[in-house]
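Structure first, commentary second.
Numbering (this note's numbering), first residue to last: 3 to 234.
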């Protein structure tokens with residue numbers, strides 16, 4: 003939780019995380035499918051019980067948080083959740099219903115199928131981002147190759163990289179199209195001041211970064227920083 007706590011202490015009101023499911027049905031706020039890369043343990047999250055993950059330490063010191071722990075830590079903070087695995091869909095649906103946190107989360111996934119399942123289950127109260135195929139269609143519409151149509155139901159934003167290989171995803175036309183549909187544009191993962199400033203100039207609505215202090219400084223310099231009311 004240390005990274006989240008640091009962001010909140012800086013005044014951030016929006017956090018981003020990923021969701022995986024343990025073998026015994028516990029949702030964890032963790033990016034990788036395995037523990038090997040960033041913890042002192044090994045193994046696939048989906049094959050291990052929660053008691054094993056609870057013993058692992060990120061960077062040798064930080065425990066892996068349960069998703070519920072994150073969602074209940076700061077009731078005024080909003081959380082973007084990237085669902086990384088099919089088996090996490092129904093437990094996430096159940097958790098959102100139990101916590102009644104519809105208005106505090108946005109659900110994302112590379113999988114359009116996962117997003118369709120989540121939208122069907124939780125209805126129009128839930129904000130979701132565009133899936134991979136939906137995003138591709140919108141980007142193609144900017145070049146006139148397909149008709150844009152309307153944003154899918156429940157879609158509040160497109161969460162995209164600025165660049166995908168040789169293709170520039172976030173263009174002025176892309177931002178304009180999403181805004182015309184009533185949706186926002188969030189860009190990941192942006193860690194340089196130059197790129198942050200360029201994207202803000204393009205009119206994007208959100209920037210996902212590992213460099214929280216740099217982004218705060220850029221937003222403050224532009225008069226765009228609006229921290230949490232109870233920041234100390």
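We treat Cβ as the ideally placed atom computed from N, Cα and C, and that holds for glycine. Predicted model, so just to flag it, every value in this text is computed and none were measured.
To test your reading of the DSSP string, which unbroken alpha helix (DSSP H) runs of 4 or more residues are found completely within the stretch 10-94?
Qualifying alpha helix (DSSP H) stretches, in chain order: 52-57 and 69-75.
Neighbourhood of residue 192 by C-beta, 6 Å cutoff - its chain only, sequence neighbours within 5 removed:
Taken in chain order, the residues that qualify are 198, 209 and 211.
Residues near residue 161 by beta carbon distance below 7 Å, same chain, minus five either side
110, 131, 188 and 190, listed in sequence order.
Where residue 166 sits in the DSSP three-state scheme:
In this structure, DSSP gives residue 166 an extended state, which the three-state scheme calls strand.
Going by other Cβ atoms of all chains shown within 10 Å of its Cβ, with 16 needed for buried, is residue 102 buried or exposed?
With a 10 Å radius around the Cβ and a threshold of 16 neighbouring Cβ atoms, residue 102 comes out exposed.
So what's residue 130 in DSSP terms, helix, strand or just coil?
When DSSP states are grouped into helix, strand and coil, residue 130 belongs to the strand group.
Using three-state DSSP, classify residue 224 as helix, strand or coil.
Residue state, collapsed to three classes: coil.
How many Å lie between residue 165 and residue 183 at the Cα?
Between residue 165 and residue 183, the alpha-carbon positions lie close to 22 Å from each other.
State buried or exposed for residue 133, treating a residue as buried only when at least 16 other CB atoms are found within 10 Å of its CB.
Sixteen is the threshold: when 16 or more other Cβ atoms of the shown chains lie within 10 Å of the Cβ of residue 133, as they do, the residue is buried.
Where residue 138 sits in the DSSP three-state scheme
When secondary structure is reduced to three states using DSSP, residue 138 falls in the helix class.
Consult DSSP for residue 103 and reduce its assignment to one of helix, strand or coil.
When secondary structure is reduced to three states using DSSP, residue 103 falls in the coil class, being assigned neither helix nor strand.
Residue 209 in three-state terms, based on DSSP:
Strand at residue 209.
Buried or exposed for residue 186, please, with buried defined as at least 16 other CB atoms from any protein chain shown within 10 angstroms of its CB.
For residue 186, the number of other beta carbons within 10 angstroms of its own is at least 16, and it is reported as buried.
Kindly indicate the opening and closing residues of the beta strand (DSSP E) around residue 189.
Residues 186-190.
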